[in-house]
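Participant: Once you've had a glance at the structure underneath, I'll fire off some questions.
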Amino acid sequence: MSTTTIIEAPEFISKLQSTSQRDFKYSEAYIPALTQQCHASNLLLLPNGDLLCVWFGGSIEGRPDICIYMSRIPSGQNTWTGAVKMTHDHTRSEQNPVLFRVPSTGEIRLLYTSQDAGNQDSAIVKQLLSKDNGATWSDPTILFGDEGTFIRQPFVVLKGGAWVVPIFKCRAEPGERWLGSDDISCIRISKDEGITWTEKEIPSSYGCVHMNIQQLKNGSYLGLFRSRWADNVYLSTSPDGVDWSEPQPTILPNPNAGICFDVLPSGRVVLVYNHSSKKDAIGRRDGLYDDISDGTDTRANQANKHGKEAFWGAPRAPLNVAWSDDNGNSWKWKTLEEGDGYCLTNNSEKKLNRELSYPSILIERDGTIHIAFTFWRQRIKYTRLAEDFFS
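Note that my numbering has the sequence shown beginning at 718, numbered continuously upward.
So this is what it looks like as structure tokens:
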């Protein structure tokens, strides 16, 4: 298949349909969209049974028309509602939305990044608030105003009630272009429901980003990371969600693309990820973001500081589901969605990108598994699995 061939995605049907095209049964739908590009979804299940999904959309990632959008499946229904535009700042690219429901009040917070063009080292974190299950929202405010602060994964409420939000810092020296080679992960902790925050760095986390945290059945905490080096998914552990071990590679590959996991009531850890790495790359570009800057960025490339450099352009496919019954020490996996994962461009206007990426997963108490992910950057695809997926 030529990497320059324009491919139209299949018919985008927003109503859930059951299928058994694989060796397991599942339901799927495409979430309605208003833009050429759709990417980086995040799911939230409300107590009333509504399922919310947010993502960013526009023409090309990094352009100022990139904004946050939302859709939902109302409780008891099986069709996604039309997309609603949530943010309206057309001077910056607004990306990576994350939903969080405050346990004590039921208020919903929508966090997202806001950056100048493709320069992730300029990103700050904004938020919107809703007190009516997402029907109406406040004006945006700045949550984290220090530049280079990025989010991707949900909040975690620790056993003692403190909030933890994993962040990663996109760093570049003055005059250098951000490429990701000096990124690190941290957590920000609030003991007063988001009024004040402290920060703690994950030790030796260079290149480990998109930290996803969940509590295990034994009460400890597991963190999994995307790798800027495009080698493996990385793993860290913590007894309390605050003090973390140095990330170590797992056996699972990673192409420098998002991952997301949750834990079944049985204690089984379930991860959605791309089963590929730089070893599978047939070509690459140092500037995956060149089609954002349109050649106007004159800053020098970032120096290699840690003996490694960020790798961009590895295929973001297949999209797999992996599971572990020993808290991440060993894994089994199945393919959820197949494709060539072509990802040497973020250009959605020409419909060249065919990545299957950036999953969001949440698991209900009955074991129902909800997954949303980027389908060719043209739509967000939603899949619902039952626990018999693993049989």
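For glycine and all other residues, C-beta sits at the position ideal for the given N, C-alpha and C.
1. To the nearest whole angstrom, what separates the beta carbons of T1085 and R1101, a pair I think is in contact under 8 Å?
2. Quick one: grab the DSSP three-state call for I723.
3. Check each candidate in G878, G911, E890, R869 and name the one with the smallest Cα separation from S902.
4. Looking at the unbroken beta strand (DSSP E) that takes in I976, where does it start and where does it end?
5. So does the region 1033 to 1051 actually touch the region 973 to 989, counting three or more Cβ pairs closer than 8 Å?
6. Are the CB atoms of D782 and G775 within a distance shorter than 7 Å?
7. If you measure from the CB of L1069, is any heavy atom of the ligand PLP nearer than 6 Å?
8. Please return the same chain residues whose Cβ sits closer than 6 Å to the Cβ of V873, not counting the five positions on each side in sequence.
9. Would you list the one or two residues that DSSP bridges to P769?
10. Answer yes or no: do I785 and P749 have a C-beta to C-beta separation smaller than 7 Å?
11. Taking 8 Å as the cut-off, does the region 808 to 826 touch the region 757 to 776 (at least 3 CB pairs, one atom from each stretch)?
12. Comparing alpha-carbon positions, which option in W961, L896, E910, P1032 lies nearest S821?
13. Short of 7 Å in beta carbon distance, which residues of its chain neighbour H807, apart from the five on each side in sequence? Order them along the chain.
14. For T853, which residues of its own chain have a beta-carbon under 7 Å away from its beta-carbon, when the five flanking residues on both sides are left out?
15. Just reading off the beta strand (DSSP E) that Q753 is part of, what are its end residues?
16. May I ask you to report which of helix, strand or coil DSSP gives D838?
17. Hey, which unbroken runs of the beta strand (DSSP E) at 3 residues or more fall wholly within the region 802 to 863?
18. Would you mind reading off the limits of the beta strand (DSSP E) that contains S744?
19. Could you tell me whether the Cβ atoms of A879 and I906 are closer together than 7 Å?
20. I want to know whether the region 912 to 925 touches the region 937 to 946 - three or more CB-CB distances under 8 Å.
21. Report the partner residues of E1054 according to the DSSP bridge assignment.
22. If you follow the beta strand (DSSP E) that A1089 is part of, which residue opens it and which one closes it?
23. Which of the three DSSP states, helix, strand or coil, is assigned to F872?
24. If you draw a straight line from the alpha carbon of F867 to that of T796, how long is it in whole angstroms?
25. When the Cα atoms are used, what is the spatial distance from K995 to N765?
26. Is it the case that the Cβ atoms of L760 and L1053 are separated by a distance below 7 Å?
27. I need the straight-line Cα distance from G877 to G936, nearest angstrom please.
28. Determine the direct distance from the alpha carbon of C977 to that of Q837, and round the result to whole angstroms.
Facilitator: By the coordinates alone:
1. On the sequence shown, residue 1085 is found 368 positions in, with the first residue counted as 1. On the sequence shown, residue 1101 is found 384 positions in, with the first residue counted as 1. Their Cβ separation, rounded to whole angstroms, is 7 Å, which keeps T1085 and R1101 in contact under 8 Å.
2. Along the sequence shown, read from residue 1 onward, the residue named residue 723 stands at position 6. Legend: pLDDT at I723 = 48, less than 50; position of this residue unreliable, value from coordinates given subsequently. It is coil, neither helix nor strand.
3. Reading the sequence shown from its first residue, position 185 is the one you call residue 902. Checked all of G878, G911, E890, R869; the closest Cα to S902 is R869.
4. Here residue 976 refers to the residue found at position 259 of the sequence shown. From DSSP, I976 is part of no beta strand (DSSP E); its letter is neither H nor E.
5. yes
6. Here residue 775 refers to the residue found at position 58 of the sequence shown. Here residue 782 refers to the residue found at position 65 of the sequence shown. Yes; because the gap between Cβ atoms is below 7 Å, this pair is in contact.
7. In the structure shown, the ligand PLP is absent, as is every other ligand, since no ligand is present at all.
8. Position 156 of the sequence shown, counted from the start, is the residue given in the question as residue 873. Taken in chain order, the residues that qualify are V881, I930.
9. Locating residue 769 in the sequence shown gives position 52, counting from the first residue. The question names Pro, but residue 769 in the sequence shown is Leu. According to DSSP, L769 bridges with L761, R789.
10. If you number the sequence shown from 1, residue 785 lands on position 68. If you number the sequence shown from 1, residue 749 lands on position 32. Cβ atoms of I785 and P749: not closer than 7 Å.
11. yes
12. The count along the sequence shown starts at 1 and reaches residue 821 at position 104. Out of W961, L896, E910, P1032, E910 has the C-alpha closest to the C-alpha of S821.
13. On the sequence shown, position 90 is the one that residue 807 refers to. Same-chain partners within the cutoff: P781, D782.
14. Along the sequence shown, read from residue 1 onward, the residue named residue 853 stands at position 136. Hits under 7 Å: S847.
15. In the sequence shown, residue 753 corresponds to position 36, counting from 1. Per DSSP, Q753 belongs to no beta strand (DSSP E) and is neither H nor E.
16. Translated into positions along the sequence shown, residue 838 becomes position 121. Strand, per DSSP.
17. 810 to 818, 825 to 833, 836 to 847, 858 to 861
18. Looking up residue 744 in the sequence shown gives position 27. Segment 743 to 748, the beta strand (DSSP E) holding S744.
19. Within the sequence shown, the letter at position 162 stands for residue 879. Within the sequence shown, the letter at position 189 stands for residue 906. Yes, Cβ-Cβ distance for A879 and I906 is below 7 Å.
20. yes
21. Taking the first residue of the sequence shown as position 1, residue 1054 is located at position 337. In the DSSP output, where bridge partners are listed per residue, E1054 has L1036.
22. Position 372 of the sequence shown, counting from 1, holds the residue named residue 1089. Where A1089 is concerned, the enclosing beta strand (DSSP E) stretches over 1086 to 1092.
23. Translated into positions along the sequence shown, residue 872 becomes position 155. DSSP places F872 in coil when its eight states are reduced to three.
24. Residue mapping note: residue 867 aligns to position 150 of the sequence shown, counting from 1. Residue mapping note: residue 796 aligns to position 79 of the sequence shown, counting from 1. Answer to the nearest angstrom: the Cα atoms are 32 Å apart.
25. In the sequence shown, counting from the first residue as 1, residue 995 sits at position 278. In the sequence shown, counting from the first residue as 1, residue 765 sits at position 48. Cα-Cα distance, rounded: 43 Å.
26. Position 43 of the sequence shown holds residue 760. Position 336 of the sequence shown holds residue 1053. No. Outside cutoff.
27. Position 160 of the sequence shown, counted from the start, is the residue given in the question as residue 877. Position 219 of the sequence shown, counted from the start, is the residue given in the question as residue 936. Answer to the nearest angstrom: the Cα atoms are 12 Å apart.
28. By one-based count along the sequence shown, residue 837 stands at place 120. By one-based count along the sequence shown, residue 977 stands at place 260. One C-alpha to the other measures close to 21 Å.
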